[in-house]
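Set out below in structure tokens:
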């Protein structure tokens, strides 16, 4: 009855760029601030705690007359089976008719839009002269965070990568030049890349820190930070996760991507429950800052934090862009359902 287009990961990688995704993500943040979106409740289920889980996120983009959902699974043991640990699909629908418009692979789009979110937090909250970037975590998301931040922050001169195992950080750094140049088309001639041996020292020497770990206890301590640091907290996306010392939030300029979800499952979840901070510590959502409803950094001495749990709105908008470009380029598979 309906003709829809289905895009594989390979299709998606051919037709979207990081710059395009950053622009889409920024437009969604703006639309959310202007009450042109609805974020629907997240479904989260753990098949095996810490080893296998799923997320179902959904929402409505009134500004684009689209709605949809994303189902993503993470099965850690898949690595031993030779299959991806992160698997998922995004479904996009027309909000005027309810008709399905298409489906895309979710893994690559999730990586791209999550990278864009972390980088936009840095763009709007970090010092304008920020040069040193620290990525804490060397998993699937690390390359996307680096690519997006280098795209939005041309002042970056040094990128450090920290991992639980130094060998993992070194292995990641060894392959980063090829990925950035060939996968993202990013010139890295004047940028230094290093694996971190001493996390405390690296934190103290960083202007921008992006955390992308599954940690359930703080790994960044308040006393390690120097004045003027910005932190984009990306890893805390379900109940019980926490990557930075709660005390950091008491003396920083704090922004979130979606207030309700961040309170439930974001970096601020545990500090709120512990009473270390309260809702008045939240200055606003990033979209509010982008459109000028609230003020952000006003000096190079302030510490800023962006807590991003991730929204299906970003996936839906990015998938819609990919589907439209695929139609123009006759990519993907068309089928009738």
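Residue numbers (the UniProt record's numbering): 1 to 337.
We put the CB at the ideal spot given by N, CA and C, even for glycine.
All values reported here derive from a predicted model rather than from experimental measurement.
Inter-stretch contact at 8 Å, needing at least 3 Cβ pairs: the segment 204 to 214 / the segment 129 to 139
Output reads yes: the segment 129 to 139 touches the segment 204 to 214.
Residues that DSSP places opposite residue 104 in a beta bridge:
7 and 90
Given residue 113 as reference, the closest of 262, 29, 280 and 4 once Cα atoms are compared:
The residue with the shortest Cα to Cα distance from residue 113 is 29.
Sort out for me which residues DSSP pairs residue 253 with in a bridge.
In DSSP, residue 253 forms a bridge with 304.
If you measure from the CB of residue 69, is any heavy atom of the ligand MG nearer than 8 Å?
Ligands in the displayed structure: none, and consequently the ligand MG is not present.
Residue 66 to residue 57, Cα distance in whole Å?
14 Å
Check residue 218 in the structure and name its three-state DSSP category.
strand
Within the segment 109 to 186, ranges of the alpha helix (DSSP H) (whole runs, at least 4 residues)
142 to 152 and 166 to 183
Please name the residue in 307, 179 and 1 whose C-alpha comes closest to that of residue 269.
307
By DSSP, does residue 378 sit in helix, in strand, or in coil?
Outside the modelled stretch of the chain, which goes from 1 to 337, sits residue 378, for which no answer is possible.
Cβ-Cβ distance between residue 312 and residue 39 below 9 Å
yes
In this structure, does DSSP put residue 57 in helix, strand or coil?
strand
Expressed to the nearest angstrom, what Euclidean distance is found between the alpha-carbon atoms of residue 157 and residue 191?
5 Å
Count the other CB atoms, across all protein chains shown, that sit within 10 Å of the CB of residue 177; report buried if there are 16 or more and exposed otherwise.
Exposed: under 16 other Cβ atoms inside 10 Å.
Just checking, does the segment 16 to 35 make contact with the segment 117 to 126 on the three C-beta pairs under 8 Å criterion?
Yes, since at least three Cβ pairs between the segment 16 to 35 and the segment 117 to 126 fall closer than 8 Å, the two stretches touch.
Taking the straight line between their C-alpha atoms, what separation do you get for residue 294 and residue 233?
20 Å
What residue range is occupied by the uninterrupted beta strand (DSSP E) comprising residue 269?
Not the beta strand (DSSP E): residue 269 falls in the alpha helix (DSSP H), residues 269 to 274.
Any chance the segment 168 to 177 sits against the segment 245 to 258, with 3 or more Cβ pairs inside 8 Å?
no
Residue 124 versus 317, 316, 314 and 288, residue with shortest Cα-Cα distance:
288
Just reading off the alpha helix (DSSP H) that residue 195 is part of, what are its end residues?
Element bounds for residue 195: not the alpha helix (DSSP H) but the beta strand (DSSP E), 192 to 195.
Residue 27 - containing alpha helix (DSSP H), residue span
18 to 33
Report the rounded CA-to-CA distance for residue 95 versus residue 77, giving the unit in angstroms.
So the alpha carbons of these two residues sit roughly 38 Å apart.
Quick check: what's the CA-CA separation for residue 226 versus residue 127?
13 Å
Check each candidate in 149, 155, 141 and 116 and name the one with the smallest Cα separation from residue 129.
155
Tell whether a beta-carbon distance below 9 Å holds between residue 14 and residue 320.
No, the Cβ-Cβ distance between residue 14 and residue 320 is not below 9 Å.
If you draw a straight line from the C-alpha of residue 50 to the C-alpha of residue 80, how long is it?
Going by the C-alpha atoms only, they are around 16 Å apart.
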